[in-house]
Amino acid sequence: MTLNNTPRPHWLTFDCYGTLIQWDEGLKAVVEKMLSDKGEHAVDAAKLIEVYDRHEHRLEQTPPHRSFRELSTLGLQLALAELGLPSQPEDSQRLAAAIPNMPPFAEVVDTLAQLKALGFKLCIVSNTDDDIIAGNVAQLGGHIDRVITAQQADAYKPAPRLFDYAHEQLGVTRDEVVHICASPTLDHTAARDMGFRCVWIDRGTGRQLLPDYRPDAILSSLDQLLPLFKSLGWT
262 MTLNNTPRPH WLTFDCYGTL IQWDEGLKAV VEKMLSDKGE HAVDAAKLIE
312 VYDRHEHRLE QTPPHRSFRE LSTLGLQLAL AELGLPSQPE DSQRLAAAIP
362 NMPPFAEVVD TLAQLKALGF KLCIVSNTDD DIIAGNVAQL GGHIDRVITA
412 QQADAYKPAP RLFDYAHEQL GVTRDEVVHI CASPTLDHTA ARDMGFRCVW
462 IDRGTGRQLL PDYRPDAILS SLDQLLPLFK SLGWT
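Quick note, the sequence shown lines up with residues 262 to 496 if you use this note's numbering.
What follows is the structure, given as structure tokens:
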């Protein structure tokens, strides 16, 4: 697919964690400290994160809808149990406390400022709770116009309900936005199923494209949106 010969969007929607905020780096630091405090050396951080992600994503799609704080707590408990590691209440508290302090990638704040100056409206659509993401949004220079969360929509990506809710709140159709994201599993699945335009920020984390979907553009950092939009005649 391509963005050529498509209309300039009024709104840009962004995934937060991994796209704007250093999720992988922050999660790795939390998990490494957790394992170190447990005196655990048989399991590395990457393995625990892999198992945690699997449980968390499954729980997000399992009724009833629960807060991200609840799901991340249960997902971490299940991951630790699966790997034969002890679980303490402070484990999940540490994770929830760390997320709001995870910083943006180096180019993000300046890029958002330039996009705002070019007349785009900016919205985050994220699988999280309002109180958790507030700390991250506070680090984005005041450039974000709206924040739509799973808590508000009672739904998690890749379920269309979250994006439908976001588009309804913004007063746009699927054809009137471009979504910028880092997760093939969550965001690309929704873009494929719903048909909205999508740009993938592939930061070299090893995430793989879906076998049956290719985003409209693939960039390695957020600031590459600026020359892309210029080439499309949007700026």
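C-beta atoms are modelled at their ideal positions from N, C-alpha and C, and glycine is treated no differently.
Tell me whether the beta-carbon of V438 lies closer than 8 Å to the beta-carbon of I409. V438 is not a Cβ neighbour of I409, given a cutoff of 8 Å.
Extent of the continuous alpha helix (DSSP H) run through V304: Segment: none, V304 is in no alpha helix (DSSP H) and carries neither H nor E.
How would you call S353, buried or exposed, if buried means at least 16 neighbouring beta carbons within 10 angstroms? S353 should be labelled buried.
Between the Cα of S482 and those of A451, S492, A427, A443, spot the shortest distance and give me the residue it belongs to. Checked all of A451, S492, A427, A443; the closest Cα to S482 is A443.
Give me the Cα-Cα distance between F424 and K418, rounded to the nearest whole angstrom. If I take the Cα positions, the gap works out to 8 Å.
Can you check the stretch 366-416 for any alpha helix (DSSP H) of at least 4 residues that lies completely inside it and give the ranges in chain order? Segments of the alpha helix (DSSP H) lying fully in the stretch 366-416: 369-378, 391-398, 411-414.
For T466, which three-state DSSP category applies? In the structure shown, the three-state DSSP call for T466 is coil.
Kindly indicate which residue of T466, D448, Q469, D298 has the alpha-carbon position closest to the one of V460. Selected option, being the one with the closest Cα: D448.
How far does the alpha helix (DSSP H) with L431 in it extend, from its first residue to its last? First-last of the alpha helix (DSSP H) with L431: 421-431.
Residue(s) in a DSSP beta bridge with R458: Answer is V439, bridged to R458.
If you measure between the beta carbons of M363 and I479, is that distance less than 8 Å? Cβ distance not < 8 Å, so M363 and I479 don't count as in contact.
Could you tell me whether the Cβ atoms of A411 and T389 are closer together than 8 Å? Against a cut-off of 8 Å, the Cβ pair of T389 and A411 comes out as a contact.
Assign E429 to buried or exposed, taking buried as 16 or more other Cβ atoms, counted over all protein chains shown, within 10 Å of its Cβ. Flag for E429 reads exposed.
Could you tell me how far apart the beta carbons of T372 and L486 are, in whole angstroms, since I believe they sit closer than 8 Å? The C-beta distance from T372 to L486 rounds to 7 Å, short enough to meet the 8 Å contact threshold.
Can you confirm whether the stretch 375-386 touches the stretch 394-407 when touching is taken to mean that 3 or more C-beta pairs between the two stretches lie within less than 8 Å? The stretch 394-407 vs the stretch 375-386: in contact.
Pair within 8 Å by beta-carbon distance, S328 and E317: For S328 and E317, no; Cβs fall outside 8 Å.
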